[in-house]
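Numbering-wise (our numbering), the sequence shown opens with residue 296 and increments by one.
Worksheet: one structure, shown below.
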Amino acid sequence: MKTQPARDTSRKNHGPQTTAIHGGEPKRHGVNAPVGTPVTRTSTFTFSNTEEMKQWAEGKSKAYIYTRYGNPTLTVAEEKIAALEGAEAAVVTASGMAAISSALLGALKAEDELISTAQLYGGTYRLMRDVFPDMGIKVHHVEADLAGIEKLVTRKTKVLYVETPTNPTLRLVDLNKAIAFAKNHNLISIVDNTFATPVLQQPLSMGYDMVVHSATKYLGGHSDLIAGAAAGSKHWMDRVRHMVICLGGSMDPETAYLLIRGMKTLGLRVKKQGENAMAVAKFLEKHPKVERVHYPGLPSHADHALAERQMRGFGSMLAFDVKGGLDAARRFCDHVQLFLLAASLGGVE
């Protein structure tokens, strides 16, 4: 029976950059071992006999059968992300929204309730606003400071969903405070870790059940793929994978390869992007035509002290208010030379 290739899955105390390069990769030692990650371009896989097929159907085999269920290239990406997040397992998906929706639907059912931070990626907000009510799932929103969150809990509350830093306002949620609340009320806890990346924070180490990513952003890092990922315990990743398989949000092997290649420079990119963002933020804060700069690395930011406590850096996303209001802001955007007007982030561009 065919089996998955041997991998170096040991969780040694490697730094994030070493983990990003070597985590999840097939063992490369020996004659003719490929240094680069092989891409398995196939929709389906063969069995040697009907007994092997029976073993798979009964859940007694981990053999590959169909790329929607799994693929060797996807496995490398998943194990690399799991290693970076300090997770037992991970699942890669066709988009960030596929990861977010699969994680939430793996934890919720009709008549359940969800508490979420109010400042969210627009796609996540629309999922909660437009889709969940029709599924019988009620959503309560709370501000980033979690004020009044105790009043939102009912006997039907099942999940706490947190995004930090928030997209696009760069506010932070106190992860220690949030996980204490979740555990006190026996809630499933999920963090969107897209803006921070596992280089800057690892919520699973604080006791969270799952993290999700739009891997399109920093993990991919080159604006050339659409992808998502979830990481957590094997129990929760089995639930997420089931939703991905049933709803068809599986990743393509070519995308998995691009994601793997992008992650190999994740630590270097996040570090340099953060340094650049700090320089830009300091410049803007002194500029006479700028009203206010929103960047957690600046002492003037409302959550600066919190960022210093719970993150290993401040990230590379920032926002700022131009004096003169919307018209002035539009004039500025229409005349930028180096910066691009585009609906994404985290790429080297």
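Beta carbons: idealized from backbone N, C-alpha and C, even for Gly.
So is residue i buried or exposed if we call it buried at 16+ other beta carbons inside 10 Å?
i: Gly417; result: exposed
i: Glu406; result: exposed
i: Gln497; result: buried
i: Lys472; result: exposed
i: Glu373; result: buried
i: Asp504; result: buried
i: Pro583; result: exposed
i: Glu320; result: buried
i: Asp487; result: buried
i: Glu549; result: exposed
i: Asn462; result: buried
i: Gln632; result: exposed
i: Asp622; result: exposed
i: Lys375; result: buried
i: Met296; result: Residue placement at Met296 is flagged as unreliable, the pLDDT there being 43, under the threshold of 50; the coordinate-derived value follows with that caveat. Per the 10 Å Cβ criterion, exposed.
i: Arg466; result: buried
i: Thr452; result: buried
i: Pro460; result: buried
i: Gly354; result: exposed
i: Thr298; result: Below a pLDDT of 50, predicted positions are generally treated as unreliable, and Thr298, at 48, falls in that range; the measurement from the model is reported next regardless. Looking at its Cβ environment, which holds fewer than 16 other Cβ atoms inside 10 Å, Thr298 is exposed.
i: Leu635; result: exposed
i: Thr419; result: buried
i: Val326; result: exposed
i: Val330; result: exposed
i: Ser595; result: exposed
i: Ala637; result: exposed
i: Gly544; result: buried
If we ignore side chains and look at the alpha-carbon of each, how far apart do residue i and residue j end up?
i: Gly592; j: Asp519; result: 28 angstroms
i: Thr489; j: Ser509; result: 6 angstroms
i: Ala614; j: His589; result: 5 angstroms
i: Asn308; j: Ala393; result: 31 angstroms
i: Gly523; j: Ala398; result: 11 angstroms
i: Thr332; j: Arg556; result: 8 angstroms
i: Asp629; j: Val617; result: 13 angstroms
i: Leu470; j: Met501; result: 8 angstroms
i: Lys512; j: Ala352; result: 36 angstroms
i: Leu561; j: Leu369; result: 18 angstroms
i: Glu580; j: Glu408; result: 41 angstroms
i: Glu643; j: Gly516; result: Looking at the sequence itself, residue 643 is Val, so the reference to Glu does not match. Approximately 6 angstroms, taken between the alpha carbons.
i: Ser639; j: Ile521; result: 11 angstroms
i: Tyr361; j: Ile444; result: 44 angstroms
i: Gln597; j: Phe627; result: Before going further, note that residue 597 is Ala rather than Gln in the sequence given. One C-alpha to the other measures close to 25 angstroms.
i: His324; j: Val334; result: 19 angstroms
i: Glu586; j: Leu601; result: 23 angstroms
i: Ala382; j: Phe609; result: 22 angstroms
i: Ala477; j: Gly620; result: 39 angstroms
i: Ala624; j: Lys322; result: 52 angstroms
i: Ala475; j: Val448; result: 14 angstroms
i: Leu482; j: Asn344; result: 45 angstroms
i: Trp295; j: Glu346; result: Not covered by the structure: residue 295. The range shown for the chain is 296 to 644.
i: Met423; j: Leu403; result: 12 angstroms
i: Ser338; j: Ile432; result: 35 angstroms
i: Val434; j: Arg421; result: 11 angstroms
i: Met606; j: Ala328; result: 38 angstroms
i: Lys559; j: Gly641; result: 14 angstroms
i: Gly336; j: Phe342; result: First, the residue type needs correcting, since residue 336 is Arg and not Gly in the sequence shown. If I take the Cα positions, the gap works out to 17 angstroms.
i: Ala358; j: Gly318; result: 21 angstroms
On the DSSP letters alone, give me the boundaries of the alpha helix (DSSP H) that residue i sits inside.
i: Ala393; result: Gly391 to Ala402
i: Arg587; result: Note, Arg587: premise wrong, no alpha helix (DSSP H); beta strand (DSSP E) at Val585 to His589.
i: Met696; result: Only positions 296 to 644 of the chain appear in this structure, which leaves residue 696 out of reach.
i: Ala602; result: His599 to Gln605
i: Ala352; result: Thr345 to Ala352
i: Gln312; result: Pro311 to His317
i: Thr419; result: Gly417 to Arg421
Can you pull the DSSP bridge partners for residue i?
i: Thr412; result: Val437
i: Tyr456; result: Ser411 and Ile485
i: Val545; result: It is worth fixing the name first, because residue 545 is Ser in this sequence and not Val. Paired residue(s): Thr388.
i: His508; result: Ala524
i: Pro493; result: Answer is none; Pro493 lacks a bridge partner.
i: Val468; result: Val468 pairs with nothing; no bridge assigned.
i: Val617; result: Val585
i: Thr339; result: Tyr361
For the beta strand (DSSP E) that residue i lies in, which residues bound it at each end?
i: Ala377; result: Counting along the chain, Ala377 falls outside any beta strand (DSSP E), though it belongs to the alpha helix (DSSP H) covering Pro367 to Glu380.
i: Val575; result: Careful: Val575 lies outside any beta strand (DSSP E), inside the alpha helix (DSSP H) at Leu561 to Glu580.
Following a CB-centred definition, is residue i positioned closer than 7 angstroms to any heavy atom of the ligand MN?
i: Arg336; result: Absence of the ligand MN is noted for the structure shown, with no ligands found whatsoever.
Open item on the list: Within 8 angstroms, do at least three Cβ pairs link the segment 493-508 to the segment 350-368?
Closed with: no
Open item on the list: Contact between the segment 456-473 and the segment 398-414 is defined here as three or more beta-carbon pairs at a separation below 8 angstroms; is this criterion met?
Closed with: yes
Open item on the list: For the segment 551-568 against the segment 309-316, do three or more pairs of beta-carbon atoms, one drawn from each stretch, fall closer than 8 angstroms, so that the two count as touching?
Closed with: yes
TODO: May I ask you to verify whether the segment 568-578 touches the segment 420-432, counting CB pairs closer than 8 angstroms and requiring at least 3?
DONE: no
Open item on the list: Below 8 angstroms, how does it come out for the segment 536-549 and the segment 382-389: are there three or more Cβ pairs, yes or no?
Closed with: yes
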